[in-house]
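Participant: Numbering of the sequence shown is given in the working numbering, commencing with residue 23 and proceeding in unit increments. Heads up, the beta-carbon is just placed ideally off N, CA and C, and yes, glycines get one too. Below is a structure I'd like to ask you about.
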Amino acid sequence: MRNVLIVGAGKLGKGFIGEVFDAAKNWKVSFLDKDPRVIENLKKPEGYKVMCCREDRTDHRVITDYEAFLVDDGYSVADAAIHADVIMMPLYPEDFDDAAPYLGKIFQRRAKENPAQKLDIICNTNKNHLMEHIEEMFYRGMENEETIAWFKDNVALRDSIIRRSTIADTNYSTDIRTSVVASLLIQPPLYNDLSDVEWMELKDNILLLKDLKLYTINSTHATCAYAGYLKGYTTVEDSIADPEISQLFDDVMEESSFGLTHEFPITKEDIFDMCRCLKIQTKDAIYDQLLRVCWDPARKLSRNDRLTGNAMYCYEHGLDPVHIMITMANAFAYDDPRDPVAMDIQKKIKEQGIEKTVSEICSLPIDHHITQCVAENYRKLMANRK
């Protein structure tokens, strides 16, 4: 029996990471989380449920065989961390600043009590270029050079790319839905063999691919969401089933591929291999809400993010990003009152006009081709909405 400690028992931690290690059978699973509500629910005897939606079937799994630990000053998780073969860290970027030093203190004991056992730590977060910082955060919790030397010699700290949607009402919910169509791409090499764990895939070039995920998987996801919102849909599944939106999705993907293959040392085949999961339909829908995907349009429209950044790569390499600019206009028209950022954008448009708002949000000159085209697309869109 091998041991995995999952640090972060939210939607992804339970619904994807915990589920696949539990299904592998020969792994003892432990969870660590700082939220008392998460751990309180996990400690209930009924465990938690995962609706695993695959292409050909839906599995309804009930998971009960695990341990759950709350972050505490007594380090009750220490034994699980000291004997773990693998530590998975499905966390928000900002949470590593607390989680890594906390584990670093425990590793001082591991370096003395269990020094020979090799350890893989796999970080699961969407933000790229964090690994050096995360490594420094681990060292911050270690009080001596001997532990740091042990860490460098015996721990493989690795990044990964998340491509699976995992949905629940809250992070502490015990009723979770997940779309089982894509593997977790993990930076090699590892000390431990994960071949018995389904949906774990070692993949070279993770740093570059993770950058490109933003401009491919995330950009087409946003394309589907904003277009779907304007058509009155509420879920990603309903949106992508619309023929017009599906075509826009494909067109944005083609434009993205052009810009990215001209900007980065990557082939179109590499891009489509990473993104092949995008339009796979599962037997049952997980009902991924558009509000979640549309949320915070200003971030998605910022200069180096999935929409404006994508459009600029195309523009700078000689392709007019016609369909990406349609999506950008859709994002400016998105006006769900539950999203405060969307409401702020609508206020700006009303007060200063669409051109100035596009220029400000996208950090582009007001007379730039993309600024002007997005503004014109927006005006046409709003005229048709009236």
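1. Just checking my contact of Ala-106 with Asn-25 at CB under 8 Å: how many whole Å lie between their CB atoms?
2. What does the Cβ neighbour count give for Tyr-213, buried or exposed, with the cut at 16 atoms within 10 Å?
3. Secondary structure at Cys-246, three-state DSSP: helix, strand or coil?
4. Whose CA, out of Phe-43, Val-93, Glu-41, His-82, lies closest to the CA of Val-60?
5. With a threshold of 8 Å, are at least 3 pairs of Cβ atoms found where one atom belongs to the stretch 187-195 and the other to the stretch 29-37?
6. The alpha helix (DSSP H) with Pro-58 in it runs from where to where?
7. Look at Asn-146 and Ile-184 and say whether their C-beta atoms are less than 9 Å apart.
8. Bridge partners for Glu-223 per DSSP, in chain order?
9. Does the Cβ of Glu-5 have 16 or more other Cβ atoms within 10 Å, making it buried, or fewer, making it exposed?
10. Can you round the beta-carbon distance between Trp-317 and Asp-361 to whole angstroms, since I take them to be within the 8 Å contact cut?
11. Shortest alpha-carbon distance to Ile-346 belongs to which of Leu-141, Glu-276, Phe-43?
12. What is the DSSP secondary structure of Leu-54, reduced to helix, strand or coil?
13. Between the C-alpha atoms of Tyr-161 and His-151, what's the straight-line distance to the nearest angstrom?
14. With DSSP run on the structure shown, which of helix, strand or coil describes Ser-182?
15. For Gln-374, does the three-state DSSP call read helix, strand or coil?
16. From Ile-239 to Leu-300, what does the alpha carbon distance come to, in whole angstroms?
17. Relative to the C-alpha of Gln-411, which residue among Gly-96, Asp-273, Ile-144, His-243 is closest?
18. Hey, quick one: how far does the alpha helix (DSSP H) through Val-258 stretch, first residue to last?
19. Measuring CA to CA, which of Glu-157, Lys-140, Val-177, Leu-229 is closest to Ile-288?
20. For Glu-266 and Ile-383, I'd like the C-alpha separation in whole angstroms.
21. Taking the CB atoms as reference points, tell me whether Arg-180 and Gln-139 lie closer together than 9 Å.
22. Taking DSSP's pairing of strands, which residues face Ile-228 in a bridge?
23. Spell out the partners DSSP gives Val-380 in its beta bridges.
24. Applying the criterion that 16 or more other CB atoms from any shown protein chain within 10 Å of the CB defines a buried residue, is Arg-132 buried or exposed?
25. Apart from the five residues just before and just after Asn-166, which ones in its own chain have a Cβ nearer than 8 Å to its Cβ?
26. What's the gap between the Cα of Ala-46 and the Cα of Trp-221?
27. Give me the Cα-Cα distance between Leu-403 and Tyr-356, rounded to the nearest whole angstrom.
28. Are there three or more Cβ pairs, one per stretch, closer than 8 Å when the stretch 279-287 is compared with the stretch 231-238?
29. For Pro-112 and Asp-95, what's the separation of their Cα atoms in angstroms?
30. So, at 7 Å on beta carbons, what are the nonlocal neighbours of Asp-57 in its own chain, with the 5 sequence-adjacent residues on each side left out?
31. Starting from Ile-143, trace the alpha helix (DSSP H) in both directions and tell me its first and last residue.
32. Should Met-164 be labelled buried (16 or more other beta-carbon atoms within 10 Å of its own) or exposed?
33. Once you ignore the five residues that flank Asp-117 on each side, which residues in its own chain have a CB closer than 6 Å to its CB?
34. For Trp-172, tell me which candidate among Thr-196, Val-108, Leu-141, Arg-199 has the shortest Cα-Cα distance.
35. Please classify Gly-254 as buried or exposed, where buried requires at least 16 other C-beta atoms within 10 Å of its C-beta.
36. Grouping DSSP H, G and I as helix and E and B as strand, with all else coil, what is Phe-286?
Facilitator: According to the data block:
1. 5 Å
2. exposed
3. helix
4. Val-93
5. yes
6. 58-64
7. yes
8. Leu-207
9. No answer is possible for residue 5: it lies beyond the span of the chain, which begins at 23 and ends at 408.
10. 6 Å
11. Glu-276
12. strand
13. 18 Å
14. strand
15. helix
16. 7 Å
17. Nothing about residue 411 can be read from this structure; the chain reaches only from 23 to 408.
18. 258-262
19. Leu-229
20. 27 Å
21. no
22. Looking at the DSSP assignment, Ile-228 forms no beta bridge with any residue, so it has no partner.
23. Val-380 pairs with nothing; no bridge assigned.
24. buried
25. Gln-130
26. 11 Å
27. 11 Å
28. yes
29. 22 Å
30. Asn-193, Tyr-194
31. Element bounds for Ile-143: not the alpha helix (DSSP H) but the beta strand (DSSP E), 141-146.
32. buried
33. none
34. Leu-141
35. exposed
36. coil
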